[in-house]
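Under the numbering used here, the first residue of the sequence shown is numbered 17, with each subsequent residue one higher. No residue lacks a Cβ here, since even glycine has one placed at the ideal position from N, Cα and C. These figures come from a predicted structure and were not determined experimentally. These notes concern the structure reproduced below.
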Amino acid sequence: MSDDKIGLLEALDAQLDQPQTPTQPVAAEPKAEPAKEAPKAETPKTEPAKEAPVKTLENKIEIPDDVIDQLTKAEDSAKKTDAAADSEPELPKDAPKAAQTAFAKVTTELRETRARLKELESKIGKEEQKVEDKGEQTSPELEKLKAELDEIRTQRDEYETELSVARVQATKQYKVAIQKPIEQAAAGIEEIAKTYEIDSDALVRAASIGDASKRRAAVKELVASLDPVDAVDLRRRVEDLNQLYGKRDVILQNAEKAMEEIAKREAAQAEQAQKQQQAQLAKEAELTKTAYDEIWNRFTSEVPVLRKTGNPDWDARIDNLRTQALNVENTDLDAETRAALTYQAVAMPLLVDLFQGYIRKSQTEIAGLKKSLSEIRGATPGAGGGETKAGAPDVSPDV
Numbered sequence: 017m018s019d020d021k022i023g024l025l026e027a028l029d030a031q032l033d034q035p036q037t038p039t040q041p042v043a044a045e046p047k048a049e050p051a052k053e054a055p056k057a058e059t060p061k062t063e064p065a066k067e068a069p070v071k072t073l074e075n076k077i078e079i080p081d082d083v084i085d086q087l088t089k090a091e092d093s094a095k096k097t098d099a100a101a102d103s104e105p106e107l108p109k110d111a112p113k114a115a116q117t118a119f120a121k122v123t124t125e126l127r128e129t130r131a132r133l134k135e136l137e138s139k140i141g142k143e144e145q146k147v148e149d150k151g152e153q154t155s156p157e158l159e160k161l162k163a164e165l166d167e168i169r170t171q172r173d174e175y176e177t178e179l180s181v182a183r184v185q186a187t188k189q190y191k192v193a194i195q196k197p198i199e200q201a202a203a204g205i206e207e208i209a210k211t212y213e214i215d216s217d218a219l220v221r222a223a224s225i226g227d228a229s230k231r232r233a234a235v236k237e238l239v240a241s242l243d244p245v246d247a248v249d250l251r252r253r254v255e256d257l258n259q260l261y262g263k264r265d266v267i268l269q270n271a272e273k274a275m276e277e278i279a280k281r282e283a284a285q286a287e288q289a290q291k292q293q294q295a296q297l298a299k300e301a302e303l304t305k306t307a308y309d310e311i312w313n314r315f316t317s318e319v320p321v322l323r324k325t326g327n328p329d330w331d332a333r334i335d336n337l338r339t340q341a342l343n344v345e346n347t348d349l350d351a352e353t354r355a356a357l358t359y360q361a362v363a364m365p366l367l368v369d370l371f372q373g374y375i376r377k378s379q380t381e382i383a384g385l386k387k388s389l390s391e392i393r394g395a396t397p398g399a400g401g402g403e404t405k406a407g408a409p410d411v412s413p414d415v
């Protein structure tokens, strides 16, 4: 991997097994932002403000797989729009109340600082126009305003850096990949130190020493009276903690970039979860439709009258009935509607039995009438001509 223009996580992932010299924890440097030029009638003679060089990551640092998984690889991000630059950062919803209070305070200060910046930029634009109209290069008032602008910009950058660091530290990814391993490593050192009654705080502080030779010398002095095996173990634990401190420093020094990567990863995970949910819903819908089709076929075999006949009106009513059944399955119903449909459903078998019993009874009666009619016609020659045979039953004219 090339060392030029290296991305944050590419740098973190570049030297998984290579030794390094971690740095002591330091605060992130403020971000430089190019000066905004006020609108002018003509091109001003004053020199435009120079843009600060873009800060790049100098040291490569190893990072565990879980950090890579959660922060993902860095990509070149697009330049911020004015709207994005003015947007206010947000803290994760599950952040502690104390952190939220402090975060809100700094956010308010950032908002006020940004408003002051816009006001100064407007004043500078007007003053530059006055200076230009006079044919001069600058003026005491203009220099004063520019100095104040630089000071306010520095304050703004400090607030933004502080908020970015707070946001990263409040994320679940940071706590799992950085904060918790640091706490566990420190606890392991303290446990061994307690056994030998040596200063555990001094050992933990030694882990933050950036110079490797000074760090080893400090640890050597502290573990001089220990069993050789435990002394080696403590030295290893201090080095492990030093590595974690280095990873933490890289993340926090690039807090804004890290936050963008975390947000990007969370968005990708949310999108993937949504796709999986949609696929699951589609699968469940297909299974539901298949089940309803099978049950309908069995139902119409028991109640043939509900089969389609080819009559458009009747067939449309059957299709509508099946559609309503699926709608009941896929719709959240109020208690009254669900109760009515439930009673109709449980009563249907009884109604079907009554209907089938009525059909059977009707068929039996019809069969008896047909038999009587056949006997009457068979007993009288001429197919019903002449007088009725004595003793034959009376037959209704309707029959």
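Query: Kindly indicate the opening and closing residues of the alpha helix (DSSP H) around L337.; Result: 328–346
Query: For the stretch 242–250 and the stretch 200–216, state whether three or more C-beta atom pairs, one from each stretch, are separated by less than 8 angstroms.; Result: yes
Query: Using DSSP with H/G/I as helix, E/B as strand and the rest coil, what is N270?; Result: coil
Query: Assuming I140 and L161 form a contact by the criterion Cβ under 8 angstroms, report the distance between their Cβ atoms to the nearest whole angstrom.; Result: 5 angstroms
Query: Taking the alpha carbon of Q269 as the reference point, which residue from V147, L179, E137, S378 has its own alpha carbon closest?; Result: L179
Query: If you drop the 5 nearest sequence neighbours on each side, which residues of the same chain put their C-beta closer than 6 angstroms to that of L257?; Result: A201, A223
Query: Using the Cα positions of Q292 and I278, report the straight-line distance between them to the nearest angstrom.; Result: 21 angstroms
Query: By the DSSP assignment, the alpha helix (DSSP H) with D243 in it spans what residues?; Result: Premise fails: D243 is in no alpha helix (DSSP H) and is neither H nor E.
Query: Quick one: Cα of F371 to Cα of Q290, how far?; Result: 48 angstroms
Query: From this set, V147, V248, Y308, which residue's C-alpha is nearest I205's C-alpha?; Result: V248
Query: Within 10 Å of its beta-carbon, does M275 have 16 or more other beta-carbons around it, so buried, or fewer, so exposed?; Result: buried
Query: So what does DSSP say about E213, is it helix, strand or coil?; Result: coil
Query: Where K324 and D331 are concerned, what is the direct C-alpha to C-alpha distance, given to the nearest angstrom?; Result: 5 angstroms
Query: Looking at L250: is its Cβ nearer than 8 angstroms to the Cβ of I198?; Result: no
Query: Quick check: what's the CA-CA separation for T339 versus S378?; Result: 33 angstroms
Query: Consult DSSP for R323 and reduce its assignment to one of helix, strand or coil.; Result: coil
Query: Could you have a look at A201 and say whether DSSP puts it in helix, strand or coil?; Result: helix
Query: Relative to the alpha-carbon of R252, which residue among A363, V266, R281, L219 has its alpha-carbon at the smallest distance?; Result: L219
Query: Within the continuous alpha helix (DSSP H) that includes Q195, where are the two ends?; Result: Note, Q195: premise wrong, no alpha helix (DSSP H); not H, not E.
Query: Over what stretch of residues does the alpha helix (DSSP H) that includes E381 continue unbroken?; Result: 351–395
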